[in-house]
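Numbering (full-length UniProt numbering) for the sequence shown: 3 to 231. Think of the CB as a built atom: it goes at the ideal place given N, C-alpha and C, for glycine as much as any other residue. All figures in this text were calculated on a predicted structure; none of them were measured in a lab.
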Amino acid sequence: DTLWLVVPAAGRGRRMGAERPKQYLTLAGRPVMAHTLARLHQAFPTARLCLCLDPDDRFFDPAWVPFTHWQRVSGGAERADSVGGALDALAGEAGVEDLVLVHDVARPCVTVEDLQRLVMALRQDAVGALLAAPAADTMKRDDGNGRVACTEPRQGLWHALTPQGFRYGLLCRALAAARHDGVAVTDEASAIEALGMAPRLVAGRRDNVKITHPEDLALAERVLAAQQA
Ligand code: C5P
Numbered sequence: 003d004t005l006w007l008v009v010p011a012a013g014r015g016r017r018m019g020a021e022r023p024k025q026y027l028t029l030a031g032r033p034v035m036a037h038t039l040a041r042l043h044q045a046f047p048t049a050r051l052c053l054c055l056d057p058d059d060r061f062f063d064p065a066w067v068p069f070t071h072w073q074r075v076s077g078g079a080e081r082a083d084s085v086g087g088a089l090d091a092l093a094g095e096a097g098v099e100d101l102v103l104v105h106d107v108a109r110p111c112v113t114v115e116d117l118q119r120l121v122m123a124l125r126q127d128a129v130g131a132l133l134a135a136p137a138a139d140t141m142k143r144d145d146g147n148g149r150v151a152c153t154e155p156r157q158g159l160w161h162a163l164t165p166q167g168f169r170y171g172l173l174c175r176a177l178a179a180a181r182h183d184g185v186a187v188t189d190e191a192s193a194i195e196a197l198g199m200a201p202r203l204v205a206g207r208r209d210n211v212k213i214t215h216p217e218d219l220a221l222a223e224r225v226l227a228a229q230q231a
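Listed below in structure tokens is the structure:
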């Protein structure tokens, strides 16, 4: 069966405050996006890629795409809209039981081993799965005024990472329902959860960092160097 990769890359990276979106900043000599696509391709050389780009994007270079079968689609206002647009573009091509992995372009440090372990878990799971890392810090909830309202028990809390993988039909249904019900979803798993289903947590490496703030670029560079050592 076909493995589909959806890579939302239509964000404008406002929190970075850089002159170009973060996926186009240079990390160890190459754009962030080139690293991310290379890792995905190393793990799944025959997968089909759907890349969500800002329709006004001025920085993308197709030379960074190592896949034979790929297409670009226009991203939407929010991440979930970009992913929804990609799923729409696959209608007619993807089968309802095909696996779809969604991976943030801003996570270039994901390892081939984690990618393959996630897909192995997915193949044995009817609901779907995501890479996640147990929370290491004590978690506080604020009161809206800069003071601690309470401490959330850390036991059992996880950071949701990407990729997250689901069967095409289920993911389409979940995202459509979330949109219809006005549920804000910041990842695919939360749309599945809103249907009353429980995605599997697959423990992944903590160094699968998401580049969000300026200092994350240097962090990702150290992670890549350490992984290659
Ligand atoms: O904003 P954040 O860093 O959480 O975005 C996560 C991912 O979603 C990034 O890869 C970003 O490019 C993508 N995104 C998108 N369309 C949007 C907003 C974000 O594809 N409208």
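Checklist entry - At what residue ranges does the region 33–98 contain a whole run of the beta strand (DSSP E), taking only runs of 3 or more? => result 50–55, 72–76
Requested in this report: Report yes if the C-beta of cysteine 54 is less than 7 Å from at least one heavy atom of ligand 1; otherwise report no.
Outcome: yes
query = So does valine 107 have its beta carbon nearer than 7 Å to some heavy atom of ligand 1?
reply = yes
Exercise for review: Answer with buried or exposed for methionine 18, where buried requires no fewer than 16 other C-beta atoms within 10 angstroms of its C-beta.
Suggested key: buried
Same chain, Cβ closer than 6 Å to methionine 199, neighbours up to 5 away in sequence not counted:
Val129
Q) Excluding five sequence neighbours on each side, which residues of the same chain lie with their C-beta closer than 6 Å to the C-beta of threonine 214? A) Arg17
Can you have a look at aspartate 116 and say buried or exposed, based on whether 16 or more other CB atoms are within 10 angstroms of its CB? buried
Practice item. Compute the minimum distance between the beta carbon of glutamine 25 and the heavy atoms of ligand 1, and state whether it is under 7 Å. Key: yes
query: Could you give the C-beta distance for alanine 222 and leucine 53, rounded to a whole number, given that I count them as a contact under 8 Å?
result: Wrong, their Cβ atoms sit about 20 Å apart, outside the cutoff.
Is it buried or exposed, valine 98, if we count other Cβ atoms within 10 angstroms and call 16 or more buried?
exposed
| query | By Cβ distance below 6 Å, which residues in the same chain neighbour proline 33 in space, the five residues on each side in sequence not counted? | reply | Tyr26
Given 7 Å as the limit, tell me if serine 76 has its C-beta closer than that to any heavy atom belonging to ligand 1.
no
request  = Report, in whole angstroms, the separation of the C-beta atoms of leucine 163 and leucine 133, which I expect to be a contact under 8 Å.
outcome  = 4 Å
| query | Who are the near neighbours of alanine 88 in its chain, counting only those whose CB is closer than 6 Å to its CB and skipping five residues on each side? | reply | Val8, Cys52, Cys54, Val75
- Query: Per DSSP, methionine 141 forms a beta bridge with which residues?
  - Reply: Glu154
Practice item. Please say whether tyrosine 170 and aspartate 127 have beta carbons closer to each other than 8 Å? Key: no
Inset, instruction - With leucine 172 as the anchor, note down where its beta strand (DSSP E) starts and where it stops. - result: Counting along the chain, leucine 172 falls outside any beta strand (DSSP E), though it belongs to the alpha helix (DSSP H) covering 170–183.
Handout entry: Buried or exposed by the 16-neighbour rule on C-beta atoms within 10 Å, applied to methionine 122
Key = exposed
Note down, in chain order, each residue of its chain lying with its Cβ closer than 8 Å to the Cβ of threonine 188, except the 5 sequence neighbours on either side. Arg81, Ala82
Margin query: Considering just the uninterrupted stretch of the alpha helix (DSSP H) at arginine 119, what are its terminal residues?
Written below: 114–125
For cysteine 111 and histidine 37, what's the separation of their Cα atoms in angstroms? 8 Å
* Asked: proline 64 and histidine 43 look like a contact to me (Cβ under 8 Å); what is the Cβ gap, rounded to whole Å?
  -> Not quite, the Cβ-Cβ distance comes to about 14 Å (not below 8 Å), so this is no contact.
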